[in-house]
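In my numbering, the protein residues as written are 4 to 558.
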């Protein structure tokens, strides 16, 4: 090599080094841009960005770098899952230092589930210390502020039945809270429901008073006795009672508000673990007032028969089978009457849910001692309109004859005691005498329908009567407790035992009779039906006249 080349080589070395340094800087900048893009990408499964200060890996180290990146991503995912599980564990605790502040005497879950401040029905919680309802659980909510101001820390969600501690905001799962949750939402199994009419159960309230589940008093919310007597009478209808107790009230099922609140009320009436031993129908009454457009509402007296008819129509409309058109209401109460008009000989079958009985006019004159006479009439005289022979109607052209063609499982009889004129409402005080057991309707069933109705005897299970004047009087119910076979008279919160003889002497207004083939679980006794059918055929055979034998020796 010449001297010129030797002097040129040292001069070229710094230039090459500078060029290499510039290329390395550009590569580092490109790597930094790529790393920032990967960090800002929304895909969470992307590998972590390379550190721009680290040297770029060579082609021989590609596999090792990918292995390291996958291991780092798996470790990061495992750490995130462990952190989420630990955060979940922090939100749910088995113990709470404030459970001792719960006051069960202040709890009342019968009222409408709305916030006591903003009247909202969304995300409502009940304070387990004072019993008030508040909305929300997060910061700046009414429940959160109540916890800070009043130092009441335990709350229950009225929809999910979960218990929380505020303001720490963690869920509490403790066995001692089960009775509170059960009072908020009583649940029943088919086995529990089947035992209600066969076994005797007693409950004990927090104040030590004993009560019979199913025969508890209902709180009067200002002239709501007409509500109470209908509810207490429906508790004796076994198929309807079982249907309401087993109704699925989860959020997936969308029911009418009247049906939903009636099911909740029925569950509370048969709750053996009731804290108070009484029930308030406030939520059901509110739902009825809204659905009926204030036709039946709190603070205004109404006719229980009109409420009963309206309630049956609403329940049938909501639960009607689209294919058959039937419902639990028709299975219990629907019967048929064969009506024959004066103009046509062929009769028509008319369905009914209850039958109306007309009373004879009350006497106008007083007796010798200047006292108003109260007449009595047997119920069989009032049933003569359904014997198929008695004409009923205001004019000859409107005369018609009626006879029973299909007997329902539960026969509802309504005595017309009230009549309106242009000035006021009059009440007929006539006493209707009736049998408490073995009301036989065979004479009122059409002859062609006797084989389809082998069981024609009924037993009384509920009786609604009215006491007092038409405007100032009140309603009370007398119901039969099936397991003990004892009668109880219910007047709002007062529940007292009563003898069957006094039930038959009351001013009956609405009566509920149960057919004798209805068993304790609500099903029909087929053996009794076959027995009655055989007896009917035997009586029919004996009643047929024998063929006359011709006397060939007669003159």
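Every residue gets a Cβ at the ideal spot worked out from N, C-alpha and C, and that includes glycine.
How is residue i classed by DSSP in three states: helix, strand or coil?
| i | result |
| --- | --- |
| residue 100 | coil |
| residue 332 | helix |
| residue 191 | coil |
| residue 422 | strand |
| residue 215 | strand |
| residue 135 | coil |
| residue 233 | helix |
| residue 270 | helix |
| residue 205 | coil |
| residue 500 | strand |
| residue 560 | Residue 560 lies beyond the range of the chain shown here (4 to 558); nothing can be said about it. |
| residue 406 | strand |
| residue 129 | strand |
| residue 493 | strand |
| residue 479 | strand |
| residue 239 | coil |
| residue 354 | strand |
| residue 471 | coil |
| residue 275 | coil |
| residue 429 | strand |
| residue 620 | One cannot answer for residue 620 here, as it falls past the ends of the chain, which runs 4 to 558. |
| residue 179 | helix |
| residue 390 | strand |
| residue 184 | helix |
| residue 264 | helix |
| residue 361 | strand |
| residue 506 | helix |
Use the C-beta contact count for residue i: other C-beta atoms within 10 angstroms, 16 or more gives buried, fewer gives exposed.
| i | result |
| --- | --- |
| residue 420 | buried |
| residue 54 | For residue 54, the predicted model reports a pLDDT of 35, less than 50, meaning its position is unreliable and no value from the coordinates is stated. |
| residue 133 | exposed |
| residue 352 | exposed |
| residue 89 | Low local confidence applies: a pLDDT of 41 at residue 89 is under 50, so the model's placement there is unreliable, with the coordinate-based value given in what follows. Exposed, since its Cβ has fewer than 16 Cβ neighbours within 10 Å. |
| residue 422 | exposed |
| residue 227 | buried |
| residue 159 | buried |
| residue 474 | exposed |
| residue 189 | buried |
| residue 139 | buried |
| residue 530 | exposed |
| residue 143 | exposed |
| residue 377 | exposed |
| residue 244 | buried |
| residue 94 | exposed |
| residue 236 | buried |
| residue 283 | buried |
| residue 51 | Because residue 51 carries a pLDDT of 36, less than 50, the predicted location of this residue cannot be relied on, and no value is offered for it. |
| residue 427 | exposed |
Give the single residue among the options whose Cα lies nearest to the Cα of residue i.
| i | options | result |
| --- | --- | --- |
| residue 440 | 126, 334 and 506 | 506 |
| residue 358 | 426, 287 and 311 | 311 |
| residue 356 | 343, 362 and 309 | 309 |
| residue 568 | 121, 281 and 299 | The structure shown has nothing for residue 568, since the chain only spans 4 to 558. |
| residue 394 | 378, 465 and 346 | 346 |
| residue 499 | 512, 484, 510 and 511 | 484 |
| residue 115 | 544, 161 and 417 | 161 |
| residue 316 | 411, 332 and 302 | 332 |
| residue 380 | 330, 403, 431 and 337 | 431 |
| residue 388 | 424, 367, 366 and 343 | 343 |
| residue 124 | 354, 512 and 286 | 286 |
| residue 149 | 304, 128, 476 and 365 | 128 |
Is residue i near the ligand MG, judged by its Cβ being under 7 Å from some heavy atom?
| i | result |
| --- | --- |
| residue 501 | Looking for the ligand MG in the displayed structure turns up nothing, as the structure carries no ligands at all. |
Taking the Cβ atom as the reference point for each residue, do residue i and residue j lie within a distance shorter than 8 Å?
| i | j | result |
| --- | --- | --- |
| residue 118 | residue 101 | no |
| residue 3 | residue 240 | With the chain covering 4 to 558 only, the question about residue 3 has no answer from this structure. |
| residue 268 | residue 318 | no |
| residue 250 | residue 234 | no |
| residue 406 | residue 341 | yes |
| residue 209 | residue 325 | no |
| residue 167 | residue 96 | no |
| residue 258 | residue 334 | no |
| residue 339 | residue 413 | no |
| residue 3 | residue 266 | Because the chain in this structure spans residues 4 to 558, residue 3 falls outside the shown range and cannot be described. |
| residue 418 | residue 435 | yes |
| residue 468 | residue 510 | yes |
| residue 187 | residue 273 | no |
| residue 482 | residue 517 | no |
- Message: With three or more beta-carbon pairs closer than 8 Å as the criterion, would you say the segment 202 to 216 touches the segment 175 to 182?
- Response: no
- Message: Taking contact to mean 3 or more Cβ pairs, one atom from each stretch, closer than 8 Å, check whether the segment 495 to 515 and the segment 452 to 460 are in contact.
- Response: no
- Message: Could you check whether the segment 428 to 448 touches the segment 189 to 198, counting it as contact only if at least three pairs of C-beta atoms, one from each stretch, sit closer than 8 Å?
- Response: no
- Okay, do the segment 524 to 534 and the segment 445 to 455 touch, 3+ Cβ pairs below 8 Å being the bar? no
- If you pair each beta-carbon of the segment 289 to 297 with each one of the segment 212 to 220, do three or more pairs fall below 8 Å? no
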